[in-house]
Amino acid sequence: MELSPSSLREGRWYEYVVRFVLGGAATVFTGLVSGWYGASIGGLFLALPAIFCASATLIEKHEIRRKREAGLDGKRRGQQAAALDAAGAALGALGMLAFAGVFSLLVQQSVAGAFAGASLAWLAVSVAAWFARRKARFSRSLPVQEKGRPAIRRNRPF
885 MELSPSSLRE GRWYEYVVRF VLGGAATVFT GLVSGWYGAS IGGLFLALPA IFCASATLIE
945 KHEIRRKREA GLDGKRRGQQ AAALDAAGAA LGALGMLAFA GVFSLLVQQS VAGAFAGASL
1005 AWLAVSVAAW FARRKARFSR SLPVQEKGRP AIRRNRPF
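For the sequence shown, my numbering gives the first residue as 885, with consecutive numbering after it.
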């Protein structure tokens, strides 16, 4: 994996403002819910993907713009890029669920131990979910053979 700051230049200034405002609004909303119903209920809203909607639409717009600059339509590519981001968010949510569960089980013994154990649970579940998704995609792309017909491999990128 490589860090590329060039992707930051692809965004427009107002897109970053939208992300900031939506993230801030989600945080304020979570604070209000915590004030009204307590930290236990408010904490559930911290899992709210505060900027996911803005990110998904911006990813789609960037991909469409890139393809149009290359002389192509790009609509399908934009949808695929946003869908891939959504899949990653779902896998990340599974990891965060594991983090919350382990932390709540261990926090009475030691906060530091609970944090360490929850972090390891997050890592294990997230990596396992990623490998499971990759394996599921790979198994769907294996050759399918019908009676009397040769197997044809469908092309699916990883």
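For each residue, glycine too, the CB sits at the ideal point set by N, CA and C.
#### Entry: Which listed residue (L989, S939 and R1018) has its alpha carbon closest to that of A900
The sequence shown places Tyr at residue 900, rather than the Ala named in the question. When only C-alpha atoms are compared, the closest one is S939.
### Message
Output needed for G976: all residues of its chain with C-beta closer than 7 Å, excluding positions within five of it in sequence on either side, in chain order.
### Response
Taken in chain order, the residues that qualify are S1010.
### Query
What number of angstroms, rounded off, separates the C-alpha of D957 from the C-alpha of W1014?
Here the alpha carbons of W1014 and D957 stand approximately 30 Å from one another.
### Query
Hey, out of S994, G1001, R950 and A971, whose CA is closest to R1018's CA?
With distances taken between Cα atoms, R1018 lies closest to A971.
### Message
Helix, strand or coil for V1009? Go by DSSP, reduced to three states.
### Response
Three-state DSSP puts V1009 in a helix.
### Query
Would the beta-carbon of W1006 fall within 8 Å of that of A982?
Yes, these two residues count as a Cβ contact at 8 Å.
### Task
Specify the secondary structure class of D969 as computed by DSSP and reduced to three states.
The answer is helix: DSSP assigns D969 an H, G or I state.
#### Entry: Which of helix, strand or coil DSSP assigns to R949
R949 falls in the helix class under three-state DSSP.
### Query
G908 lies in the alpha helix (DSSP H); which residues open and close that run?
Its alpha helix (DSSP H) spans residues W897 to Y921.
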